[in-house]
Structure formats: structure tokens, C-alpha cells
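Beneath this line is the structure, given in C-alpha cells, with notes to follow.
Residue numbers (this note's numbering): 509 to 707.
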């Protein structure tokens, strides 16, 4: 007996809910029809159909684009080394070296026979350079190294913003192999280095 009453109550509740939903749907449809009747015909023509509205809602807008994170990453600034500090000091003084070469001679302030390999019988090698951008009178130093050992250090004056200067090193016949001339500013900042060979 209990089972019949229980199912009867459930069926009654379902019927009440269904009739409420259909009554609500009918009211909504009537309300929409009334609103549509009050809208001028021009506005009705401009309104999109339900299928167009659905497509517009699903299609992404051209102006709406996903926000992307910046592709560049933040990099830590490098800690300046002693060499970087010296180069900065040299550039602050306006120094730069152009046309740095090693050669067989300098005639009329021009290098003659420049190269990076010289024969063993050469008596003297020259290091010619042009210093650019010096604001005041200053100096540079040309250090001559043979296989990593300092053989000569020559201080040269710089007296204008476009100054040609050079030093030379006499060669002993047994000094074959790698040589390097390092050009430094008055403060000791490296400006240029040139490697050459005696064979």
C-alpha cells in the first residue's frame, strides 16, 4: 500500500512541474512576441537571425586576440670585468685605434710591406697605428711580446684627434714564432692587439 502512495505522489509532483514549465514557456513566448511587435520594422531588419547570432558568438572577433606574454626575457646585466672597465675608460677619453698594422718600414708616415708573416732574416719590424678621437694630448703604449714574454714597451705621444704613430723592434735571428703587439691607452686600457709570425 505504501508503494502505491509513494509512486502516486512522485507522479503528481512530476505532472505539476511539467505543467508549470509549459505554462512558463508559453508566457515567455507571448512576452517575446509582444516585445517584437513594439520594435520598429527598421530595427527588426537589422537584428541578426538566431543562427547568425550563434555563429557570431562562436566566431572569434578580429579585434579580440589572446594576450601573449612578451617573448623577450629579462637578462641580468653582466658584471663589468677589469678589462671592460679599462675599455670604458679608454672610450670615455675618446681613444680608438684605426689602421693598426705590423710592417717592414714606415716612409712618409705610411706603413710599407704590412703583413702577419715575416721571414727570419728581417732586421726590424714596425707597428704603425692611427689614433682617433683623442680630445687632449695624451699617449699610448705599444708592448711587444715574444711567445708571451714582454720584450719591449714603447710609450708614444698622441698630440691630435687624428694622430699617426709607430714603434719598431729589432729582431734577433733566433726569434722565430709568434709575436704580439698590444696597444694600450695612457690609462692602460687595451685598444688593439696584433699577432704576427717570424718564420
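Ideal placement from N, C-alpha and C gives every residue a C-beta, glycine not left out.
In this text the structure is predicted, and so the values were computed from the model without any measurement.
Report the rounded CA-to-CA distance for residue 629 versus residue 699, giving the unit in angstroms.
Answer to the nearest angstrom: the Cα atoms are 30 Å apart.
Run through the DSSP bridge pairs and tell me what residue 650 is partnered with.
Answer is 662 and 691, bridged to residue 650.
Using only the alpha-carbon positions, how far apart do residue 626 and residue 696 sit?
Their backbone Cα atoms lie some 28 Å apart in a straight line.
With a threshold of 16 other CB atoms inside 10 Å of the CB of residue 600, please say whether the residue is buried or exposed.
Summary for residue 600: the model assigns pLDDT 44, below 50, so the residue's position carries little reliability, and this model does not support an answer.
If you compare alpha carbons, which of 656, 655, 650 and 657 is closest to residue 665?
Here the closest residue by C-alpha is 650.
Could you give the distance in angstroms between the alpha-carbon of residue 621 and the alpha-carbon of residue 644?
For residue 621 and residue 644, the distance between alpha carbons rounds to 32 Å.
Looking at the secondary structure, which residues open and close the beta strand (DSSP E) in which residue 679 lies?
It is not in any beta strand (DSSP E) - residue 679 carries neither H nor E in the DSSP assignment.
Measure the Cβ-Cβ separation of residue 653 and residue 687 and say whether it is below 8 Å.
Contact flag set, yes.
Between the alpha carbons of residue 670 and residue 641, how many angstroms are there, rounded?
Rounded to the nearest angstrom, the two C-alpha atoms are 7 Å apart.
Which partner residues does residue 626 have in the DSSP bridge list?
Looking at the DSSP assignment, residue 626 forms a beta bridge with 706.
Quick check: the Cα distance between residue 658 and residue 690, rounded to an integer number of angstroms?
Distance between the alpha carbons of residue 658 and residue 690: 10 Å.
Identify the residues that DSSP records as bridge partners of residue 613: which are they?
Answer by DSSP bridge pairing, in chain order: 620.
Helix, strand or coil: how does DSSP classify residue 597 here?
Caution is warranted here: a pLDDT of 42 is assigned to residue 597, below 50, making its placement in the model unreliable, and the coordinate value is therefore given only provisionally. Correct three-state label for residue 597: helix.
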